[in-house]
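Residues in the sequence shown are numbered consecutively from 9, following this note's numbering.
We put the CB at the ideal spot given by N, CA and C, even for glycine.
What follows is a single structure, written as structure tokens, with notes after it.
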Amino acid sequence: MPVGRALALVAGAALVLLTKVIVVVLVLLGAEGLKPEAQVSTATLFDLLKIALAVVALVMGYRRQKVAEAAQRVSERGEERETVKLHNDRFATAAGQLGHDSPAVRLAVIAAACRSSTSSASPSASRTCPRAGTVSALTGG
9 MPVGRALALV AGAALVLLTK VIVVVLVLLG AEGLKPEAQV STATLFDLLK IALAVVALVM
69 GYRRQKVAEA AQRVSERGEE RETVKLHNDR FATAAGQLGH DSPAVRLAVI AAACRSSTSS
129 ASPSASRTCP RAGTVSALTG G
């Protein structure tokens, strides 16, 4: 079934359902005893206009709130990506120095990697630093 036809069917079904709901509500409120008027007064028209504008304002406010929430989520995801990128860059820089000749530089790299892993925004990041035996083995000391 083409999308346009499916949307038309859904819109038609929604209109029929809305009409039935309005009729049921009017019957429950006792609107069948109201007499039809030949001419609607200006005050009644203004009241109907106020109600319609209030409904439009309510829908627009709801939509504005949803758009703001979506923008906030996008912003938070962007910040998280930037944080992960920063940690990855730091780790890559430190990893490049692991083969350095000086044990002090290798120890500094291990300390930097430890700080990076414990401050990482990623929940799967390691939360423990290497033990002294591991550090001495890696630094050649």
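Open item on the list: Please state whether the Cβ-Cβ distance between residue 102 and residue 117 is less than 8 angstroms.
Closed with: yes
Within the continuous alpha helix (DSSP H) that includes residue 109, where are the two ends? Run containing residue 109: none; DSSP gives neither H nor E here.
query = Of all the beta strand (DSSP E) runs that stay within the bounds of the stretch 48-118, which reach a length of 3 or more residues?
reply = none
Is it right to say residue 121 is buried, meaning 16 or more other beta carbons lie within 10 angstroms of its own, or is it exposed? buried
*Helix, strand or coil for residue 21, going by three-state DSSP, please let me know.*
helix
Contacting residues, own chain, Cβ-Cβ under 6 angstroms from residue 140 (five flanking each side not counted): Because residue 140 sits at a pLDDT of 49, beneath the cut-off of 50, its placement in the model cannot be relied upon, and the point is left open.
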